[in-house]
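What follows is a short report on a single structure.
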Amino acid sequence: MAIGAFIKGESGVFQVDGENQAINLKNVQRIKLKGGDLKAGTSGKQGYYTEFPTKAHKDTSLIAVDSPTWVRVGGLSSYKENRNGRLSQPLWVDAGDCICYEFGGGGFDWHKSKYGMSIRNKDGIEVFNTNWEMMKILDQFFLSPVENFNYQIPPGKKVAAFMGGGLQGQWGDGAFSSYSCYFMRRNGQTIEFRYKDATIQSGPWEGNELLYYPLFIIIIDVTDYPVP
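For the sequence shown, my numbering gives the first residue as 1073, with consecutive numbering after it.
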């Protein structure tokens, strides 16, 4: 790093990159999840999916969630004119509220303060500002394929989790088939990651196919973030 700053605190050293924009909080949404299931075609069921009520910020590149019911982020639409986030639930789970934290590059002044510290790169682009809410990574895991994983939330912390990859499987007996993947929820002071059924439908497919993707998890400290 040729240009930038080091800020030392009790937890160690925080590096502000002088070239690239810091990843920071773009938006926070509280979203109601319906639970239950809905029809998939004429003879199947799938877990409910929910579009973000407010479209995802144009600069959002990562979405982390805090949810007491099972959920996964279904990704961002690739259509620029209708770019939005989607939450998916497994079959037969309860309704509940989910808080979604959107992160990305580009600044957003949460505090509207006239004071603070700003860092710009050689092109004049602001890469850091103390009035932004930085993405604060608490833990990260890159796991070989597992069916279950638990994360214990540290005392006094509020966290949200980003999840990618993990086992994906399809099973069929010639009459019915199902698709399964990873979902997560917060259960007390534990975040649980589980392999669950997402869809089930009738069909002639028969077999058992598993895709062994590693499970990637980022735990983000959201203790001091604004909550809707």
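For glycine and all other residues, C-beta sits at the position ideal for the given N, C-alpha and C. These numbers come from a predicted model, not from an experiment.
Taking DSSP's pairing of strands, which residues face residue i in a bridge?
i, result
"residue 1109", "1119"
"residue 1128", "DSSP, once it has assigned bridges, lists no residue as partnering residue 1128."
"residue 1096", "1176 and 1206"
"residue 1299", "DSSP output for residue 1299 lists no bridge partner at all."
So, using beta-carbon positions, are residue i and residue j closer together than 8 angstroms?
i, j, result
"residue 1303", "residue 1234", "The structure shown does not extend to residue 1303, since the chain is modelled only from 1073 through 1300, so no value can be given for it."
"residue 1110", "residue 1217", "no"
"residue 1184", "residue 1131", "no"
"residue 1156", "residue 1127", "yes"
"residue 1118", "residue 1143", "no"
"residue 1238", "residue 1285", "yes"
"residue 1122", "residue 1103", "yes"
"residue 1139", "residue 1266", "no"
"residue 1275", "residue 1249", "yes"
"residue 1043", "residue 1116", "What is shown of the chain runs 1073 to 1300, which leaves residue 1043 out entirely."
"residue 1289", "residue 1212", "yes"
"residue 1159", "residue 1105", "yes"
"residue 1206", "residue 1096", "yes"
When the Cα of residue i is compared with those of the options, which residue comes out closest?
i, options, result
"residue 1108", "1212, 1220 and 1269", "1269"
"residue 1214", "1236, 1193 and 1250", "1236"
"residue 1175", "1101, 1260 and 1192", "1101"
"residue 1230", "1242, 1177 and 1261", "1261"
"residue 1094", "1166, 1164 and 1192", "1192"
"residue 1202", "1196, 1182 and 1120", "1182"
"residue 1200", "1211, 1209 and 1188", "1188"
"residue 1254", "1145, 1129 and 1124", "1145"
"residue 1297", "1124, 1208, 1129 and 1197", "1208"
"residue 1259", "1141, 1280 and 1219", "1141"
"residue 1133", "1124, 1177 and 1195", "1177"
"residue 1280", "1300, 1299, 1251 and 1273", "1251"
Return the Cβ separation of residue i and residue j in integer angstroms, given the expectation that the two are a contact with Cβ distance under 8 angstroms.
i, j, result
"residue 1179", "residue 1204", "5 angstroms"
"residue 1282", "residue 1241", "5 angstroms"
"residue 1137", "residue 1232", "6 angstroms"
"residue 1029", "residue 1278", "Since the first and last residues shown for the chain are 1073 and 1300, residue 1029 lies out of range."
- Task: For the segment 1195-1263, list the beta strand (DSSP E) runs that are entirely contained and at least 3 residues long, ordered along the chain.
- Result: Listed in chain order, they are 1198-1201, 1209-1215, 1220-1224, 1231-1245 and 1248-1259.
- Where are the alpha helix (DSSP H) runs, 4 residues long or more, that stay fully inside the segment 1140-1190, in chain order? The segment 1140-1190 is shown to contain no whole alpha helix (DSSP H) run of 4 or more residues.
- Message: Threshold first: 3 residues or longer. Then list the beta strand (DSSP E) segments lying entirely within the segment 1261-1293, N to C.
- Response: Within the segment 1261-1293, the complete beta strand (DSSP E) runs of at least 3 residues fall at 1262-1274 and 1278-1293.
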